[in-house]
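> As numbered in my numbering, residues 120 to 468 make up the sequence shown, in order.
Glycine included, each C-beta is placed from N, C-alpha and C at the ideal position.
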Amino acid sequence: MNAFYPQLIGKALLVSDMHLGISDPNLRDLDNLKLDNLDLVLRRHFDATMIQDLGDGADSRILRPELLERLCKTYAQIAYHGMKRLFVLVGNHEGTKREIAPLSPFIIGTKTGEYGANLVTDESIIAPPFFMRGWAGDILPPPASVTGCRFFSGHLRVRDWLPSGAKGVTLDELAGLGYEAIFLGDFHKPVSVNHNGCHIHSVGTFGASSWRDTDIRSGYVLVMWDEDTYEAKRIAFDSYPVFKKVKINVGDDLPDLHNSVVRVFLSSPEPIPSEVIEDYKARITEQKPFYFEIHTNDTSIIQDTVHTDADRQIEAEINQWPSGSRTLLGQFFSESKSQQIPINWSDWR
Ligand SMILES: [Mn+2]
Numbered sequence: 120m121n122a123f124y125p126q127l128i129g130k131a132l133l134v135s136d137m138h139l140g141i142s143d144p145n146l147r148d149l150d151n152l153k154l155d156n157l158d159l160v161l162r163r164h165f166d167a168t169m170i171q172d173l174g175d176g177a178d179s180r181i182l183r184p185e186l187l188e189r190l191c192k193t194y195a196q197i198a199y200h201g202m203k204r205l206f207v208l209v210g211n212h213e214g215t216k217r218e219i220a221p222l223s224p225f226i227i228g229t230k231t232g233e234y235g236a237n238l239v240t241d242e243s244i245i246a247p248p249f250f251m252r253g254w255a256g257d258i259l260p261p262p263a264s265v266t267g268c269r270f271f272s273g274h275l276r277v278r279d280w281l282p283s284g285a286k287g288v289t290l291d292e293l294a295g296l297g298y299e300a301i302f303l304g305d306f307h308k309p310v311s312v313n314h315n316g317c318h319i320h321s322v323g324t325f326g327a328s329s330w331r332d333t334d335i336r337s338g339y340v341l342v343m344w345d346e347d348t349y350e351a352k353r354i355a356f357d358s359y360p361v362f363k364k365v366k367i368n369v370g371d372d373l374p375d376l377h378n379s380v381v382r383v384f385l386s387s388p389e390p391i392p393s394e395v396i397e398d399y400k401a402r403i404t405e406q407k408p409f410y411f412e413i414h415t416n417d418t419s420i421i422q423d424t425v426h427t428d429a430d431r432q433i434e435a436e437i438n439q440w441p442s443g444s445r446t447l448l449g450q451f452f453s454e455s456k457s458q459q460i461p462i463n464w465s466d467w468r
């Protein structure tokens with residue numbers, strides 16, 4: 120197990136469950152949106168002292184080369200400059216024997232001991248005030264009295280958040296470990312609870328990827344701490360699509376579908392005439408969802424991708440950055456020390 124010098128005061132940027140490498144070809148554009156957002160967030164929070172990817176960064180052990188390349192380049196901003204500590208946890212989706220992840224070659228190439236990128240397997244890392252561990256099944260991490268850390272972050276399943284009968288550790292068990300706060304990947308929904316005096320947070324997915332993520336707003340978590348206190352907040356993206364399932368009866372109005380990935384279930388006691396379906400299709404298209412499907416009683420499905428506002432919105436945000444910063448990373452870092460970078464915070468709350 121590696122050990123790092125403690126950071127008595129700091130700011131950690133936590134991302135989780137990015138699930139890059141979507142298999143549904145209709146939704147593959149979402150992968151690029153996630154990477155655009157990761158790029159933006161790393162730039163926006165260049166003052167973070169620590170970056171943690173809490174696992175399932177990739178949807179499977181094999182990541183498409185173009186995505187892996189972009190992910191490495193994005194993380195390289197922080198790793199090659201030796202300015203940050205990046206910790207990439209191995210999740211249940213991407214690990215081979217929980218020791219190797221798609222990012223492994225990158226991490227081997229950038230590892231510089233105290234700084235650079237570090238892979239966190241089921242063997243854990245002590246980087247005070249955090250104790251971190253990748254996916255290790257339902258095994259509890261060691262208690263705070265053993266690790267000497269205030270916080271635990273890991274890729275771990277919580278039974279209380281799942282349907283009854285599911286496997287996982289309990290909130291009681293987690294709270295009993297004696298950590299001040301716990302930050303978890305795996306459960307894609309963001310959650311924040313005070314359980315028996317321990318704050319247990321599910322970071323939530325950084326980029327919704329499937330219908331499993333229905334109604335979840337994608338985002339990330341910032342943790343700021345000093346010797347006595349800590350604060351955690353989740354920031355959700357306005358510009359990343361939300362998966363929605365909408366049930367309506369023929370004749371009903373549609374809810375707001377702008378920039379959503381949506382399944383519309385259209386029902387009627389009678390067979391639905393094709394003009395009616397076409398009319399709904401036109402009305403849905405008008406609302407500019409990212410992607411939609413219309414399902415009807417007789418199981419016919421109409422699918423369409425509307426070219427979306429989300430990528431244009433993100434592109435516009437990226438274009439606000441000083442020119443050259445997108446490619447000349449060294450320049451970005453020297454600029455960031457000396458000048459204020461225009462950030463429109465209101466878009467990000
Ligand atoms: Mn996951």
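Could you tell me if the beta carbon of Asp241 falls within a distance shorter than 8 Å of some heavy atom in ligand 1?
no
> Short check: CB of Leu238 to CB of Gly253, under 9 Å?
yes
> Per DSSP, what kind of secondary structure is Ile391 in: helix, strand or coil?
coil
> Please go through the same chain and pick out, in chain order, the residues whose beta-carbon is closer than 6 Å to the beta-carbon of Gly370, but skip the five residues on each side of it.
Contacts found: none.
> Could you tell me whether the stretch 278 to 286 touches the stretch 243 to 253, using the rule of 3 or more Cβ pairs below 8 Å?
no
> To which residues of the same chain is Phe325 closer than 8 Å at the C-beta, ignoring the five residues directly before and after it?
Val134, Ser135, Asp136, Met137, Lys153, Asn156, Leu157, Ser337, Gly338 and Tyr339
> Leaving out five residues on either side along the sequence, give the residues of the same chain with a beta carbon under 8 Å from the beta carbon of His377.
Gln406, Lys407, Pro408 and Asp428
> Does the distance from the CB of Glu292 to the CB of Leu259 come in under 9 Å?
yes
> Given Val207, which residues of its chain have a CB within under 6 Å of its CB, disregarding the five upstream and five downstream residues?
Sequence-distant partners of Val207 (beyond 5 residues in either direction) whose C-beta falls short of 6 Å from its own C-beta, in its chain, are Asp172, Leu222 and Leu238.
> Which class does Leu373 belong to by DSSP, given the choice of helix, strand or coil?
coil
> Would you call Glu213 buried or exposed, if buried means 16 or more other Cβ atoms sit within 10 Å of its Cβ?
Result: buried.
> Per DSSP, which residues does Val239 bridge with? Please list them.
Leu208
> Suppose you measure from the CA of Pro224 to the CA of Tyr359; what does that come to, to the nearest Å?
Pro224 and Tyr359 have their C-alpha atoms spaced approximately 29 Å apart.
> Taking Pro125 as the reference, give the member of Ser142, Asp345 and Glu394 with the closest Cα.
Asp345
> Near Ser179, what residues of its chain come up, given a Cβ to Cβ distance below 8 Å and the 5 sequence neighbours on each side ignored?
Gly140, His212 and Glu213.
> Pick out the complete beta strand (DSSP E) segments inside the stretch 144 to 187, 3 residues or longer, and give them in chain order.
169 to 172
> Would you mind working out which of His307, Ala220 and Arg163 sits nearest Leu190, comparing C-alpha positions?
Ala220
> Let me confirm a value: Leu127 is counted as buried when at least 16 other C-beta atoms fall within 10 Å, else exposed. Which label applies?
exposed
> At the level of alpha carbons, what is the spacing between His414 and Asp375?
18 Å
> Please list, in chain order, all residues with a C-beta atom less than 5 Å from at least one heavy atom of ligand 1.
Asp136 and Asp175
> Closest to Ile367 by CA distance: which of Pro309, Val395 and His274 is it?
Val395
> Just verifying my parser: in three-state terms, what is the DSSP assignment at Leu127?
coil
> I'd like the span of the alpha helix (DSSP H) that includes Glu292, first residue to last.
Leu290 to Ala294
> Would you list, in sequence order, the uninterrupted beta strand (DSSP E) runs of no fewer than 3 residues that lie entirely inside the stretch 326 to 358?
The qualifying runs are 338 to 344 and 349 to 355.
> Please report the residue range of the alpha helix (DSSP H) in which Gly265 lies.
In the sequence under discussion, the amino acid at residue 265 is Val, which differs from the Gly named in the question. Per DSSP, Val265 belongs to the alpha helix (DSSP H) from Ala263 to Thr266.
> Could you give the DSSP three-state label for Arg382: helix, strand or coil?
In the structure shown, the three-state DSSP call for Arg382 is strand.
> Mind checking who Phe270 pairs with in its DSSP beta bridge?
Phe249 and Ala300
> In terms of residues, what are the limits of the beta strand (DSSP E) holding Ile219?
No beta strand (DSSP E) contains Ile219, which DSSP labels as neither H nor E.
> Once DSSP output is grouped into helix, strand and coil, what is the label at Ala255?
strand
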